[in-house]
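S.K.:
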Amino acid sequence: MSNTDSFIDEVSEEVRRERLFGFIKRYGWIAVLAVVLIVGGAAWNEWRQARDAAQAQAFGDAILASLAKDSPEARRAALLAIPAEGAQRAVIAMMAAEGSDGAGPAVTQLEEIVAGGELPQLYRDLAALKIVMIEQDTLPLERIAALLEPLQAPGAPFRLLALEQLALAEVAAEQKDAALERLRAILEDGDATPDLRRRVSQLIVALGGSLDAG
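Going by numbering that gives the first Met the number 0, the first residue of the sequence shown is number 0, and it counts up by one from there.
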């Protein structure tokens, strides 16, 4: 009886072995393909990360080289000559606009960023704010209000800064009462930073207004 059981066990084991080999012959290529895909995907991901790191370093090196130029004009020209796409283009435009006194290539790029829809709203808002700060003395109040309108939405990151710039534009347009009302609203806003509160308070006093509520 034990010999029979042993024989049956051997036959069963052989059948299982034959089934396993058959399964491997039939479906083994799937496992091989999965391994190839996993290894290839990991290698491609490593290559992509190395490429992105090299591009970021080259972009940073180009900015540093541009900022090392002797004059603001040379720095601005070198910055605008750096090949850039997407968010990098927005960064370049805002850096090149630093110290600008009005219309120019940097401001033109900022306007293109505001008008375009390919970049996230954050970059478009920053570009609009930068345009207003550069051209505050030359843009009409209506144009400033239009540029800053998207920035004033509830929860927008630059909402209070936009309101500050709009109040300055109202002062320039001799709309003192409107400016004071807007400045007091900023002062009472819980999200206002200490620096912003200080600037707003100084402007209210300079306009002859009161810091007291009401």
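Positions of the beta carbon are idealized from the N, C-alpha and C atoms, including for glycine.
Once DSSP output is grouped into helix, strand and coil, what is the label at Asp176?
M.R.: If DSSP states are grouped into helix, strand and coil, Asp176 belongs with the helices.
S.K.: Distance check for Val35 and Ser65, CA to CA, integer angstroms please.
M.R.: Each residue's alpha carbon lies about 45 angstroms from the other.
S.K.: If you compare alpha carbons, which of Pro139, Lys68 and Ala86 is closest to Gly116?
M.R.: Out of Pro139, Lys68 and Ala86, Ala86 has the C-alpha closest to the C-alpha of Gly116.
S.K.: On the three-state DSSP scale, how would you describe Arg158?
M.R.: It is helical.
S.K.: Output needed for Leu78: all residues of its chain with C-beta closer than 6 angstroms, excluding positions within five of it in sequence on either side, in chain order.
M.R.: Same-chain partners within the cutoff: Ser65, Ile91, Met94 and Ala95.
S.K.: Quick check on Thr137: does DSSP put it in helix, strand or coil?
M.R.: Three-state DSSP puts Thr137 in coil, outside helix and strand.
S.K.: Label Leu167 either buried or exposed according to how many other C-beta atoms from any shown protein chain fall within 10 Å of its C-beta, with 16 as the threshold for buried.
M.R.: Classification of Leu167: buried, given that the 10 Å Cβ count is 16 or more.
S.K.: If you run the structure through DSSP and keep just helix, strand and coil, what is Gly59?
M.R.: Reduced to three states, the DSSP call for Gly59 is helix.
S.K.: Who are the Cβ neighbours of Val204 in its own chain at under 6 angstroms, not counting the five residues just before and after it?
M.R.: Around Val204: no qualifying Cβ.
S.K.: For Leu162 and Ala144, which I take to be in contact (beta-carbon distance under 8 angstroms), what is that distance rounded to the nearest angstrom?
M.R.: In fact, because the Cβ distance is near 11 angstroms, the residues do not count as touching under 8 angstroms.
S.K.: With burial defined as no fewer than 16 other Cβ atoms inside 10 Å of the residue's Cβ, what is the status of Ala178: buried or exposed?
M.R.: Ala178 comes out buried.
S.K.: Return helix, strand or coil for Pro71, following the three-state DSSP convention.
M.R.: Here Pro71 sits in helix by DSSP.
S.K.: Using only CA atoms, which one of Leu159, Gly154, Ala155 and Leu147 lies nearest to Val199?
M.R.: It is Leu159 whose Cα lies nearest to the Cα of Val199.
S.K.: Taking the beta carbon of Phe6 as the centre, do at least 16 other beta carbons fall within 10 Å, making it buried, or is it exposed?
M.R.: Confidence is the limiting factor: at Phe6 the pLDDT is only 49, short of 50, which leaves the residue's position unreliable, though a coordinate-based value still follows. The residue is exposed, with fewer than 16 neighbouring Cβ atoms inside 10 Å.
S.K.: Would you mind reading off the limits of the alpha helix (DSSP H) that contains Thr107?
M.R.: Segment Pro104 to Ala114, the alpha helix (DSSP H) holding Thr107.
S.K.: Between which residues of its own chain and Gln120 is the CB-CB distance below 8 angstroms, once the five residues before and five after are set aside?
M.R.: The residues are Pro149.
S.K.: Put Ala171 into one of helix, strand or coil per three-state DSSP.
M.R.: Ala171 falls in the helix class under three-state DSSP.
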